[in-house]
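Chemist:
Numbering (my numbering), first residue to last: 77 to 330.
1) Got a sec, what are the start and stop residues for the alpha helix (DSSP H) residue 189 sits in?
2) Is DSSP giving residue 157 helix, strand or coil here?
3) Along the alpha helix (DSSP H) that carries residue 118, what are the first and last residues, could you check?
4) According to DSSP, is residue 206 part of a helix, a strand, or is it coil?
5) Relative to the C-alpha of residue 211, which candidate in 309, 279, 301 and 120 has its C-alpha closest?
6) Among 114, 295, 290 and 103, whose alpha-carbon lies nearest the alpha-carbon of residue 198?
7) Assuming residue 318 and residue 187 form a contact by the criterion Cβ under 8 Å, report the distance between their Cβ atoms to the nearest whole angstrom.
8) Out of 275, 88, 158 and 81, state which residue places its alpha-carbon closest to the alpha-carbon of residue 126.
9) Quick one, which of 165, 308 and 169 has its alpha-carbon nearest residue 175's?
10) In this structure, how does DSSP classify residue 332 when only helix, strand and coil are distinguished?
11) If you follow the alpha helix (DSSP H) that residue 267 is part of, which residue opens it and which one closes it?
12) With a threshold of 7 Å on Cβ separation, who are the neighbours of residue 77 within its own chain once the five nearest residues in sequence on each side are excluded?
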């Protein structure tokens, strides 16, 4: 392992994504669902198999319990406290547009920082995870704000949990974007896909109308590929955008 053995962790609502930061960039990447995960065993056998981390730099939106578990495990195994990143008012070329900057999710903040490294154009940053976030970063680095909506899976589960629908035939298998679903499960899946694609395209269109110009578009998150296939226009797909942001922050703080 090269570099300073920095372990980067993107802890989302559903999964933990990781990468090791080296002089070559991001290496040994992976992800795992964290619900029910034996975090100590995972840290020892998966992360520890690569190297003993000199630093652990993390983004966490999964809550205080997950954060405490991670800290307990890394201190026990490696005597290392994770450095948890939170959004700031002005740093790394990005100025927060939030009235209370600390309320912006760390993942969204880091995605904006990484997006700034890819383009200095005005850009819409779309993260398709458990929740979907759409943020606009202006060409001068000002975060104009954004919106949040349920992701594909969350939207489908909410509908099935709160109606009399039978959810057993609702899958995440790719489906064509056509309004003619021929089963209840397909109709639920298709409805969620239409809602997400429509929301993204409307948000981008409204941004361009308000600014009077076209904007760049970057998409990330676990469902990005499924959504991307149905979006019109050009979207730059960056699967590890939050980890890229963590790498920038970790490099500046080293």
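All C-beta atoms, glycine included, are put in the ideal place defined by N, C-alpha and C.
Modeler: With the given structure in hand:
1) Within the chain shown, residue 189 is the residue found at index 113, counting from 1. If you look at residue 189, you'll find it in the alpha helix (DSSP H) that goes 182–194.
2) Residue 157 sits at position 81 when you count from the first residue of the chain shown. The answer is coil: DSSP assigns residue 157 none of H, G, I, E or B.
3) For the purposes of this step, residue 118 is taken as residue 42 along the chain shown, with counting starting at 1. Annotation: the continuous alpha helix (DSSP H) that includes residue 118 extends over 115–118.
4) On the chain shown, residue 206 is found 130 positions in, with the first residue counted as 1. Under the three-state reduction of DSSP output, residue 206 falls in the coil class, being neither helix nor strand.
5) Reading the chain shown from its first residue, position 135 is the one you call residue 211. Comparing alpha-carbon positions, the option among 309, 279, 301 and 120 lying closest to residue 211 turns out to be 279.
6) Your numbering for residue 198 matches position 122 in the chain shown. Ranking the options by Cα distance to residue 198, first place goes to 290.
7) The sequence position of residue 318 within the chain shown is 242, counting from 1. The sequence position of residue 187 within the chain shown is 111, counting from 1. The C-beta distance from residue 318 to residue 187 rounds to 5 Å, short enough to meet the 8 Å contact threshold.
8) The residue given as residue 126 occupies position 50 in the chain shown. Closest option to residue 126, Cα to Cα, is 81.
9) As a position in the chain shown, residue 175 is number 99, starting the count at 1. Checking every option, the nearest Cα to that of residue 175 belongs to 165.
10) A question about residue 332 goes unanswered here, because the residues of the chain that appear run from 77 up to 330.
11) Within the chain shown, numbered from 1, the residue matching residue 267 stands at position 191. Where residue 267 is concerned, the enclosing alpha helix (DSSP H) starts and stops at 260–287.
12) Within the chain shown, residue 77 is the residue found at index 1, counting from 1. Since pLDDT at residue 77 reaches only 39, below the 50 mark, its modelled position is unreliable, and the value read off the structure follows with that caveat. Within the same chain, residue 77 has close Cβ partners 96, 98, 126 and 127.
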